[in-house]
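Working notes, structure below.
Numbering (this note's numbering), first residue to last: 1 to 417.
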């Protein structure tokens with residue numbers, strides 16, 4: 001009895017603010033993703049309004065590749081600094097940095113200038129993953145699944161409301177790209193909330209700050225299963241975050257084939273497909289969080305990959321925006337459970353003192369997937385069409401499922417991992 005009381009006291013001391021942090025960062029994620037999706041859900045329309053009449057898919061792909069590519073290169077550095085100076089500092093860096101960057105972006109109406117500024121804004125990207133790293137490392141082990149699910153619910157709620165906000169504002173603002181001023185304001189609000197509410201008991205390491213990315217990579221590559229988990233993170237971002245503008249283009253293409261379908265505008269259908277995906281994610285994330293708390297994350301991951309693989313096959317087969325909306329909703333029921341599951345598994349395998357760095361390398365690879373998806377779609381579109389991109393996504397998901405079935409069944413490092 002005494003040992004159990006001592007353990008509870010130790011956990012209470014080390015994780016005193018975990019509920020407060022999870023709630024504050026979940027609320028911040030709502031604001032961040034409302035702002036992000038209010039603008040980026042309509043990026044093809046925004047770029048088109050700047051005067052781009054040809055190769056629209058390639059322009060959108062290049063912009064997203066530049067943004068996420070820059071973010072990918074610098075994310076490991078932010079992870080090293082997070083381990084040394086604390087995770088909260090990286091949350092604030094990302095939030096205030098993105099707020100400033102998107103405020104500048106709202107004033108740029110030339111597509112080439114827009115692309116250049118967006119690449120620079122990528123330096124600041126990372127509020128949501130920085131917050132997830134803080135929650136993963138400051139929450140008692142038995143509650144990590146539900147705490148991470150809460151932050152994902154916040155992000156998904158913002159993703160749900162963002163297209164609605166964008167659709168409502170796009171006709172009221174002086175120009176379409178002025179949506180980024182709205183994005184900047186919400187990101188500034190999320191940063192203030194994190195500054196005021198998030199608490200972190202961080203002890204700075206005794207050794208001097210050391211940035212040796214090659215040594216870190218070498219050490220992480222020796223960790224069993226980590227490479228496969230990183231691949232699955234790339235897979236998630238490629239098929240979800242990176243595919244966001246492609247889904248908008250796909251919706252526009254389907255409406256070109258059937259003008260006036262359903263009596264709704266292009267903006268309404270773009271918003272509907274995004275809302276269906278995120279609403280389904282919000283509905284199932286609490287369930288996946290509870291499942292992750294109770295069952296082995298290995299088993300949960302296998303179920304999620306199987307369901308994601310089956311649902312992904314529907315996307316290239318749709319014939320109209322309504323079918324696309326339903327297919328995206330079914331896809332979200334499974335793919336939405338991947339982030340908390342993968343973050344928990346990666347965190348559990350991180351070397352001591354490298355938790356934030358281990359997660360940051362996964363985030364960097366995720367951003368690589370987000371960057372590559374729209375660019376690859378833009379390159380494939382003239383030859384295979386956008387349906388070809390979604391067939392590619394299905395194939396990559398099937399490969400991930402097969403690899404996990406073959407190589408992801410080794411002995412767990414703990415009963416829940």
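C-beta atoms are modelled at their ideal positions from N, C-alpha and C, and glycine is treated no differently.
Please list, in chain order, all residues of the same chain as residue 412 whose beta carbon is under 7 Å from its beta carbon, the five residues on each side excluded. For the purposes of this step, residue 412 is identified with residue 412 of the chain shown, where counting begins at 1. In this predicted model, residue 412 has a pLDDT of only 44, less than 50, meaning its place in the structure is not dependable; the value taken from the coordinates is given anyway. If we look at residue 412 and ignore the five residues flanking it on each side, its Cβ neighbours are 296, 298.
Nearest-angstrom beta carbon gap, residue 262 and residue 322 [assumed within contact, 8 Å]: Against the chain shown, residue 322 aligns to sequence position 322. Against the chain shown, residue 262 aligns to sequence position 262. So it is a contact: roughly 6 Å between Cβ atoms.
Quick one, which of 129, 118, 53 has its alpha-carbon nearest residue 177's? Reading the chain shown from its first residue, position 177 is the one you call residue 177. Out of 129, 118, 53, 118 has the C-alpha closest to the C-alpha of residue 177.
Rounded straight-line distance, which links the Cα of residue 394 to that of residue 400: To locate residue 400, count along the chain shown from 1; it is residue 400. To locate residue 394, count along the chain shown from 1; it is residue 394. So the two alpha carbons sit approximately 10 Å from each other.
Boundaries of the alpha helix (DSSP H) in which residue 303 is found, first to last residue: Within the chain shown, residue 303 is the residue found at index 303, counting from 1. Here the alpha helix (DSSP H) through residue 303 covers 297 to 312.
Could you please give the first and the last residue of the uninterrupted alpha helix (DSSP H) stretch that includes residue 33? In the chain shown, the residue the question calls residue 33 occupies position 33. Looking at the DSSP string, the run of the alpha helix (DSSP H) that includes residue 33 is 18 to 40.
Would the stretch 277 to 290 count as touching the stretch 150 to 164 if we require 3 or more Cβ pairs under 8 Å? yes
When burial is assigned at 16 or more other CB atoms within 10 Å of the CB, is residue 88 buried or exposed? Position 88 of the chain shown, counted from the first residue, corresponds to residue 88. Buried.
When you compare only the Cα positions, how much space is there between residue 221 and residue 229? Within the chain shown, numbered from 1, the residue matching residue 221 stands at position 221. Within the chain shown, numbered from 1, the residue matching residue 229 stands at position 229. Answer to the nearest angstrom: the Cα atoms are 11 Å apart.
In this structure, does DSSP put residue 412 in helix, strand or coil? Residue mapping note: residue 412 aligns to position 412 of the chain shown, counting from 1. For residue 412, the pLDDT reaches just 44, beneath the cut-off of 50, and the residue's location in the model is therefore unreliable, although a value from the coordinates is still provided. Residue state, collapsed to three classes: coil.
Hey, could you find the ends of the alpha helix (DSSP H) residue 407 is sitting in? Along the chain shown, one-based indexing puts residue 407 at 407. Residue 407 -> alpha helix (DSSP H) spans 355 to 407.
Does the Cβ-Cβ distance between residue 159 and residue 341 come in under 9 Å? Within the chain shown, numbered from 1, the residue matching residue 159 stands at position 159. Within the chain shown, numbered from 1, the residue matching residue 341 stands at position 341. Going by C-beta atoms, residue 159 is not nearer than 9 Å to residue 341.
Assuming residue 25 contacts residue 194 (C-beta within less than 8 Å), just tell me the rounded distance between them. Counting from 1 along the chain shown, the entry for residue 25 is found at position 25. Counting from 1 along the chain shown, the entry for residue 194 is found at position 194. Going by Cβ atoms, the distance from residue 25 to residue 194 rounds to 7 Å, so yes, they are a contact pair.
Could you tell me which of 285, 184, 74, 253 sits nearest to residue 335, measuring between CA atoms? Taking the first residue of the chain shown as 1, we reach residue 335 at position 335. Measuring from the Cα of residue 335, the nearest candidate turns out to be 285.
Indicate the three-state DSSP secondary structure (helix, strand or coil) for residue 98 in the structure shown. Here the question's residue 98 lines up with position 98 in the chain shown. In the structure shown, residue 98 sits in a helix (DSSP, three-state: H, G or I).
Residues near residue 75 by beta carbon distance below 7 Å, same chain, minus five either side: Residue 75 sits at position 75 when you count from the first residue of the chain shown. Within the same chain, residue 75 has close Cβ partners 126, 360, 363, 364, 367.
Run through DSSP, which three-state label would residue 200 get? The sequence position of residue 200 within the chain shown is 200, counting from 1. Here residue 200 sits in coil by DSSP.
Residues of its chain near residue 169, where Cβ-Cβ distance is below 8 Å and the 5 sequence neighbours each way are ignored: Within the chain shown, residue 169 is the residue found at index 169, counting from 1. Contacts found: 38, 179, 182.
The alpha helix (DSSP H) with residue 339 in it runs from where to where? As a working mapping, residue 339 is identified with position 339 in the chain shown. Looking at the DSSP string, the run of the alpha helix (DSSP H) that includes residue 339 is 338 to 349.
Please return the same chain residues whose Cβ sits closer than 8 Å to the Cβ of residue 271, not counting the five positions on each side in sequence. The count along the chain shown starts at 1 and reaches residue 271 at position 271. Only 41, 163, 164, 166, 167 meet the Cβ criterion.
Taking three-plus beta-carbon pairs below 8 Å as touching, is the stretch 249 to 257 in contact with the stretch 311 to 321? yes
With a cut-off of 8 Å on the beta carbons, I'd call residue 246 and residue 114 a contact; round off their distance for me. As a position in the chain shown, residue 246 is number 246, starting the count at 1. As a position in the chain shown, residue 114 is number 114, starting the count at 1. Between residue 114 and residue 246 the Cβ distance is about 19 Å, and since that is not below 8 Å, they are no contact.
Output needed for residue 122: all residues of its chain with C-beta closer than 6 Å, excluding positions within five of it in sequence on either side, in chain order. Stepping through the chain shown from its first residue, residue 122 is reached at position 122. Same-chain partners within the cutoff: 67, 70, 71.
Can you look up residue 277 in the DSSP assignment and give me helix, strand or coil? Here residue 277 refers to the residue found at position 277 of the chain shown. Three-state result, residue 277: helix.
Stretch-stretch touch, CB-based, cutoff 8 Å, three pairs: the stretch 97 to 112 with the stretch 377 to 387: no
In whole angstroms, what is the alpha-carbon distance linking residue 344 and residue 50? Mapped onto the chain shown, residue 344 falls at position 344. Mapped onto the chain shown, residue 50 falls at position 50. Each residue's alpha carbon lies about 42 Å from the other.
Since I believe residue 396 is in contact with residue 226 (beta carbons under 8 Å), could you give me their beta-carbon distance rounded to a whole number of angstroms? Taking the chain shown and counting its residues from 1, the one referred to as residue 226 is at position 226. Taking the chain shown and counting its residues from 1, the one referred to as residue 396 is at position 396. About 19 Å separates the two Cβ atoms, so there is no contact after all.
Could you check which residue in 20, 144, 136, 201 has the C-alpha nearest to that of residue 294? In the chain shown, counting from the first residue as 1, residue 294 sits at position 294. Of the listed residues, the one whose Cα sits closest to residue 294 is 144.
When you compare only the Cα positions, how much space is there between residue 130 and residue 93? Position 130 of the chain shown, counting from 1, holds the residue named residue 130. Position 93 of the chain shown, counting from 1, holds the residue named residue 93. Approximately 10 Å, taken between the alpha carbons.
Going by alpha carbons, who is nearest to residue 56 out of 204, 186, 375, 197? The count along the chain shown starts at 1 and reaches residue 56 at position 56. Ranking the options by Cα distance to residue 56, first place goes to 375.
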